[in-house]
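So the structure is just underneath, and the comments pick up after that.
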Amino acid sequence: QQQVKQSPQSLIVQKGGISIINCAYENTAFDYFPWYQQFPGKGPALLIAIRPDVSEKKEGRFTISFNKSAKQFSLHIMDSQPGDSATYFCAASDSGAGSYQLTFGKGTKLSVIP
Amino acid sequence: NAGVMQNPRHLVRRRGQEARLRCSPMKGHSHVYWYRQLPEEGLKFMVYLQKENIIDESGMPKERFSAEFPKEGPSILRIQQVVRGDSAAYFCASSPAGSSEKLFFGSGTQLSVL
Chain A
624 QQQVKQSPQS LIVQKGGISI INCAYENTAF DYFPWYQQFP GKGPALLIAI RPDVSEKKEG
684 RFTISFNKSA KQFSLHIMDS QPGDSATYFC AASDSGAGSY QLTFGKGTKL SVIP
Chain B
285 NAGVMQNPRH LVRRRGQEAR LRCSPMKGHS HVYWYRQLPE EGLKFMVYLQ KENIIDESGM
345 PKERFSAEFP KEGPSILRIQ QVVRGDSAAY FCASSPAGSS EKLFFGSGTQ LSVL
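Residue numbers (the working numbering), protein chains in the order written: chain A, 624 to 737; chain B, 285 to 398.
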């Protein structure tokens, strides 16, 4: 059972455009929602994260929008740059579970073309 | 301050052999997590360890797989009698305390089973 569904699988955006990646979750116990960025040959790196007590969080060009009732959250990358080309993973965890394991989406491969 | 160090970066094994993957956490981190990434898939949680203790191994196959994090030295993920389906990238993450919020990932070990 896939608990975090991510879309699209791949995304091509022109330089300067907005990249939008969506995730939906099923487990209502999830209370922490990070986004990770992964470059080829590297491990994932935390990009930005949100908790369900806020509906939006912005850090520079990156914004998470969170809709608790719909059990959905999304990543917006404003003014996308070629250096943003990477694979992006959404994830979720239940901090009350004690194991701190993250459940990841399948990833979105973003290509930003000049 | 060196990041999470994993070695080897690439490991090739023939079916039936043993694979040993090593992970040295960041300095000051005493919590280690192992994840597996199959092609075109997100990361899947395998096991969470503290020094000398396995806290959660719910994501690890019951047979052939084992993990340890001794008092001294790196954490080891051991796969006995490898099969082709074990081919994947194995990532280790560490944190200073039990948390899903302060995870730092290594660059991974790519295991190829011939």
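Beta carbons: idealized from backbone N, C-alpha and C, even for Gly. These numbers were taken from a predicted model, which means no experiment stands behind them.
Contact with chain B by residue i, beta-carbon distance below 9 Å
i, result
"Leu-669(A)", "yes"
"Thr-651(A)", "no"
"Glu-695(A)", "At residue 695(A) the sequence reads Gln, which differs from the Glu that was named. Judged by the 9 Å Cβ criterion, Gln-695(A) is not in contact with chain B."
"Lys-638(A)", "no"
"Pro-631(A)", "no"
"Pro-657(A)", "yes"
"Gly-683(A)", "no"
"Lys-729(A)", "yes"
"Leu-725(A)", "yes"
"Val-627(A)", "yes"
"Lys-680(A)", "no"
Chain A contact for residue i (CB, 9 Å cutoff)
i, result
"Gly-312(B)", "no"
"Ala-377(B)", "yes"
"Leu-387(B)", "yes"
"Leu-305(B)", "no"
"Glu-347(B)", "no"
"Val-296(B)", "no"
"Lys-335(B)", "no"
"Leu-327(B)", "yes"
"Val-316(B)", "no"
"Val-288(B)", "yes"
"Ser-308(B)", "no"
"Glu-324(B)", "yes"
"Ser-396(B)", "no"
"Gly-300(B)", "no"
Nonlocal neighbours in the same chain, by C-beta distance under 6 Å from residue i, ignoring five residues either side
i, result
"His-294(B)", "Gln-394"
"Gln-695(A)", "Ala-647"
"Thr-710(A)", "Gln-661, Gly-730, Lys-732"
"Ser-308(B)", "Met-289, Pro-358"
"Ser-678(A)", "Phe-689"
Secondary structure of residue i, DSSP reduced to three states
i, result
"Asp-340(B)", "strand"
"Arg-362(B)", "strand"
"Arg-368(B)", "helix"
"Pro-238(B)", "Since the first residue of chain B shown is 285 and the last is 398, residue 238(B) is not available in this structure."
"Pro-705(A)", "helix"
"Met-289(B)", "strand"
"Glu-682(A)", "strand"
"Thr-726(A)", "strand"
"Pro-657(A)", "strand"
"Phe-662(A)", "coil"
"Pro-628(A)", "Here residue 628(A) is Lys; the residue named in the question, Pro, does not match the sequence. In the structure shown, Lys-628(A) sits in a strand (DSSP, three-state: E or B)."
"Ala-672(A)", "strand"
Close Cβ partners of residue i (< 8 Å) along its chain, the five nearest in sequence each way excluded
i, result
"Glu-324(B)", "none"
"Gly-287(B)", "Met-310, Phe-388, Gly-390"
Neighbourhood of residue i by C-beta distance below 7 Å, restricted to the same chain and skipping five residues each side
i, result
"Phe-653(A)", "Ala-715, Ser-716, Asp-717"
"Gly-719(A)", "Ala-652"
"His-313(B)", "Ser-378, Ser-379, Pro-380"
Chain-ordered chain E contacts of residue i [CB-CB under 7 Å]
i, result
"Ala-647(A)", "Checking the listed chains, one finds no chain E in this structure; the protein chains it contains are A and B."
For the 8 Å Cβ check, are there 3 or more pairs between the region 298–316 of chain B and the region 729–736 of chain A? no
Would the region 391–398 of chain B count as touching the region 656–675 of chain A if we require 3 or more Cβ pairs under 8 Å? yes
Is the region 667–683 of chain A close to the region 696–714 of chain A, with three or more CB pairs under 8 Å? yes
Does the region 365–376 of chain B come into contact with the region 308–327 of chain B, if we say contact requires no fewer than three beta-carbon pairs (one atom in each stretch) closer than 8 Å? yes
Can you list, in chain order, the residues of the region 349–371 of chain B whose Cβ is nearer than 8 Å to any Cβ on chain A? Those would be none; no residue qualifies.
For the region 704–723 of chain A, which residues have a CB atom closer than 7 Å to at least one CB atom of chain B, in sequence order? Phe-712, Ser-716, Ser-718, Ser-722, Tyr-723
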